[in-house]
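Okay, so here's the structure we're looking at.
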Amino acid sequence: MSRQTLFDKIWQSHEICQNDEGQSLLWVDRHLAHEGSFHAFNKLAERGLTVRHPELTLGIADHYVPTLSRSLTDVNEKTRNVIEQLISNTRAHGVPLIGMNDPRQGIVHVVGPELGLTQPGLVMVCGDSHTSTHGALGALAFGIGASEVAHVLATQTLWQNKPKQLRIRINGSLSPAVSAKDIALAWISRLGADGARGYAIEYAGSAIDDLSVEARLTLCNLSIEGGARCGMIAPDEKTIEYLRDRPMAPKGEDFEFASTWWRTLATDADASFDREVELDASDIAPQVTWGTSPEEAMPITGRVPNPDDEHSPDKARQHRDSLEYMGLKPDQLLTDIVINRIFIGSCTNARIEDLRAAAAVLKGRKSKVPGLISAGSTQVKAQAEAEGLDQIFIDAGLEWRESGCSMCVGMNGDQLKSGERCASSTNRNFKGRQGLGSRTHLMSPAMVAAAAVAGHLADVRPLLQEVSQS
Amino acid sequence: MTPFTQLTAPACPLVRSNVDTDQLIPARFMKEPRRVGYGQFLLYDLRHDDTGKPIGDFILNQPGADQSQIMVTRRNFGAGSSREAAVYALVDFGFRCVIAPSFGDIFSSNAVNNGLLPALVSEADADRLLNALETEPTHITVDLATQQIHFADQIIPFDINAVWKTKLLNGWDDIDLTEGYRSAIDSFLLTYQTRYPWTQGQPEGALGLIARDNR
Ligand code: SF4
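Protein sequence lines, in the order shown, are assigned to chains W and R.
Residue -18 is where the first sequence starts when you use the numbering used here, and the numbers rise one by one after that.
Residue 8 is where the second sequence starts when you use the numbering used here, and the numbers rise one by one after that.
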């Protein structure tokens, strides 16, 4: 039994059987469903199937919900239709739903941990690639497509090939103003957007031990941007204390019983990985992306790369294409890139600590550009308001919105105009992600706030020094 | 699902890397029901200019492109969002196979679940194939049993996970297969529920809280 990784232990405890080709049938503890689940529910309907374990699925409205109000009359018919399908599908199958007007509404990957639904040792799935987020609490959590969602609904199981395992160690400690987002962009820019494809990641090392649970959620969230389907961190005392007393976590004796098991889940000292990567935390500076893939990231102190310096012809072509789309010139200083808007939101970086970090920079300052702030959940929004953060944002000239996926994906209509350039706390700088022709620069919430104050991409560190000196 | 055995069809080169699923189908089209046909949305923003006019020299807008059933492209195809709609767009357009040096993980399983073959080739072979296609629109043959691609007078091998190969060759669907494992699931659950009782649904009260949801 020794020599097992965190991943092995969860996989083994959930493996029902294997088929002749060696694929495993896994038991699924928790399934989260958002509006996009309509394709999967339609598949069930086509085949006349029911939901096998409705109590193990939780519906949450996030992708299409409006952020200006909480009224379905304020959204166009097609959007309303998608939200209403989530309501009718969950109701028809007896699946619990956190609807748009519920005080616990928010982005699935923010709400799961916040309610204590996410727990160490669970297998969790959702029809959304950022399900990797939940691995931060030591769950094996990954995104799936609509056919797989239909399979989970019908059977509460899933066929999976066991991935290889990669450990990313971040040694040492992070410098001030460097965050989990910067760790993620740093490793993805080094390994590539498909660098971890086919691997389950475990993050380890002293810098990871030091991260708060919320920061770990950010880091695991971005695992998919490096191609890994899941990213995980062994549960420790911080994890256990985070979960204690959350509404959907086990209670009383059950909690003690569960946490005894959670403490055994950490990777054994002599377990081996298929691949190991190490980074020194002190080498990581605040990062920004300049291109149209999360791998096109670099420290804010750098310059836009010159494709002529690239020796791989494919890479050079990719860089040229990215520069053209982003409207940038080779070798220009990153801090010379002027922005039109900012967005702070998404399952990556819209938890309370993220909003505090942005507010610390914006306090008493004005944003030079318009922008939106959409808290990761309605509870986070309430918390931020209790702390007066909303007023800091509003005083800075920014819009304080309701919670949802909002401008991370623009499905609800919160979009950039073509050609607009946005400093964004989200996870994907893909072409058109924030609206047709949109130009996205990914960075941490504090770095977004710094860009807002400067009107161009900017290093947050000097701004924070000014704050501490004043 | 229709089994995939051997396919001879015109191939279409998409000479780009990192074609993510947001590009394969922009999010704004995903509100549509599948019955409208998702082929019209495939690579929409690459196919059309800002005013919605088709861009003439984009590969999918060229004469005969609508006949092609095989796409050849560069690394990291289908990365990003788990949206199966990206596969629906390819399949509804008429594609049955995509050849690339690497694919997004979730994209590949979505593809197989819709009878679309994600064929993995080396970077060098992708280049050879793309070069051959650049000179003239060509019929190529993809043979799943032998895992070979035949074009001009060349043969290149491709990789595919063994389970996926079996599924594609037989046109199998997972839900049907899993029904055969019902008793294995039940006996697994007996042990699992005793060992990890708190994993079975929400603690007392939490579900009530949720059930009183604000729809
Ligand atoms: S916030 Fe963005 S990445 Fe996260 S679940 Fe919503 S759309 Fe997906």
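Where a beta carbon is used, it is the ideal one built from N, C-alpha and C, also for glycine.
No experiment lies behind these values; they were computed from the predicted model shown.
Cross-chain neighbours of residue i in chain R, by beta carbon under 7 Å
| i | result |
| --- | --- |
| W/D(-11) | In chain order: nothing, as chain R lies at least about 17 Å away. |
Proximal chain W residues relative to residue i, where beta-carbon distance stays under 8 Å
| i | result |
| --- | --- |
| R/I32 | Result: empty, since nearest Cβ-Cβ is about 11 Å, beyond 8 Å. |
| R/R103 | What R/R103 touches in chain W: nothing, since even the nearest Cβ is about 16 Å away. |
| R/V170 | N0, E2, G3, Q4, W140 and N142 |
| R/S129 | By Cβ distance, chain W contributes nothing, its closest Cβ being about 13 Å from R/S129, past 8 Å. |
Chain W residues whose Cβ lies nearer than 7 Å to that of residue i
| i | result |
| --- | --- |
| R/N68 | Those do not exist, as R/N68 stays about 18 Å from chain W at its closest Cβ, beyond 7 Å. |
| R/S232 | Outside the shown range of chain R, which is 8 to 222, sits residue 232 of chain R, and nothing can be said about it. |
| R/D99 | Neighbours of R/D99 on chain W: none; closest Cβ ~13 Å, over 7 Å. |
| R/N83 | A174 and D175 |
| R/G87 | S110, R409 and F411 |
| R/M78 | Result: empty, since nearest Cβ-Cβ is about 17 Å, beyond 7 Å. |
| R/N177 | The contacting residues do not exist; R/N177 stays about 12 Å from chain W at best. |
| R/R135 | In chain order: nothing, as chain W lies at least about 14 Å away. |
| R/S24 | D295 and Q299 |
beta-carbon residue i near the ligand SF4 non-hydrogen atom, thresh 7 Å
| i | result |
| --- | --- |
| W/C(-2) | no |
| W/D335 | no |
| W/D109 | yes |
| R/D29 | no |
| W/T407 | yes |
| R/V79 | no |
| R/I113 | no |
| W/S327 | yes |
| W/H90 | yes |
| R/D183 | no |
| W/D175 | no |
| W/D43 | yes |
| W/C386 | yes |
| W/V390 | yes |
Neighbour-count burial assignment, residue i, 16 or more Cβ in a 10 Å radius
| i | result |
| --- | --- |
| W/S240 | buried |
| W/V319 | exposed |
| R/A218 | Annotation note: pLDDT 46 at R/A218 (below 50); position unreliable, coordinate value reported separately. Per the 10 Å Cβ criterion, exposed. |
| R/T80 | buried |
| W/Q396 | buried |
| R/R43 | Note on identity: in this sequence residue 43 of chain R is Val, with Arg being the wrong assignment. With fewer than 16 Cβ atoms within 10 Å of its Cβ, R/V43 is classed as exposed. |
| W/A26 | exposed |
| W/S263 | exposed |
| W/S113 | buried |
| W/D261 | exposed |
| R/D166 | exposed |
| W/I88 | buried |
| W/D255 | exposed |
| R/S115 | buried |
| R/T153 | exposed |
| W/G3 | exposed |
| W/R171 | exposed |
| W/H292 | exposed |
Per-residue contacts from residue i into chain R (C-beta, under 8 Å)
| i | result |
| --- | --- |
| W/I(-3) | Y188, A191, I192 and F195 |
| W/W468 | With chain W represented from -18 up to 451, any question about residue 468 of chain W goes unanswered, as that position is not in the structure. |
| W/H132 | D181, I182 and T185 |
| W/R59 | For the record, residue 59 of chain W in the displayed sequence is Lys; it is not Arg. Correct list: K38 and E39. |
6 Å CB neighbourhood of residue i in its chain, flanking five on each side removed
| i | result |
| --- | --- |
| W/A181 | F(-12), P144, Q146 and C211 |
| W/A73 | none |
| W/R258 | Note on residue identity: the sequence assigns Val, not Arg, to residue 258 of chain W. Cβ within range, chain order: I149. |
| R/N221 | Bear in mind that the predicted position of R/N221 carries a pLDDT of just 46, short of 50, making it unreliable; the figure below should be weighed with that in mind. Result list for R/N221: empty, nothing under 6 Å. |
| W/R61 | L53 |
Residue i: contacting residues in chain W (beta-carbon distance under 9 Å)
| i | result |
| --- | --- |
| R/K60 | Within 9 Å Cβ-Cβ: nothing; R/K60 doesn't reach chain W, min ~13 Å. |
| R/I113 | S110, F123, G124, I125, G126, E129, I205 and R210 |
Contacts around residue i, its chain only, beta-carbon distance under 7 Å, and the 5 residues preceding and following it disregarded
| i | result |
| --- | --- |
| R/I66 | C19, P20, L21 and A72 |
| R/I62 | R54, H55, D56 and N68 |
| W/K412 | T273 and Y306 |
| R/T15 | H146 and T148 |
| W/F123 | V106, T112, S113, R210 and C211 |
| W/A339 | I325, P426, A427, V429 and A430 |
Contacts around residue i, its chain only, beta-carbon distance under 8 Å, and the 5 residues preceding and following it disregarded
| i | result |
| --- | --- |
| R/G111 | D27, T28, N83, F84, G85, A86 and G87 |
| W/V194 | P94, A117, L118, K219, T220 and Y223 |
| W/T136 | R33 |
Bridge partner(s) assigned by DSSP for residue i
| i | result |
| --- | --- |
| W/R284 | W/L314 |
| W/C107 | W/L13 and W/G124 |
| W/R148 | W/E183 and W/E257 |
Where residue i meets chain R, residues with beta-carbon distance less than 9 Å
| i | result |
| --- | --- |
| W/E36 | Q207, G208, Q209 and L214 |
Residues, ordered as in the chain, of the segment 139 to 153 of chain W that lie near chain C by beta-carbon distance below 7 Å: Among the chains of the structure shown, chain C does not appear; the protein chains present are W and R.
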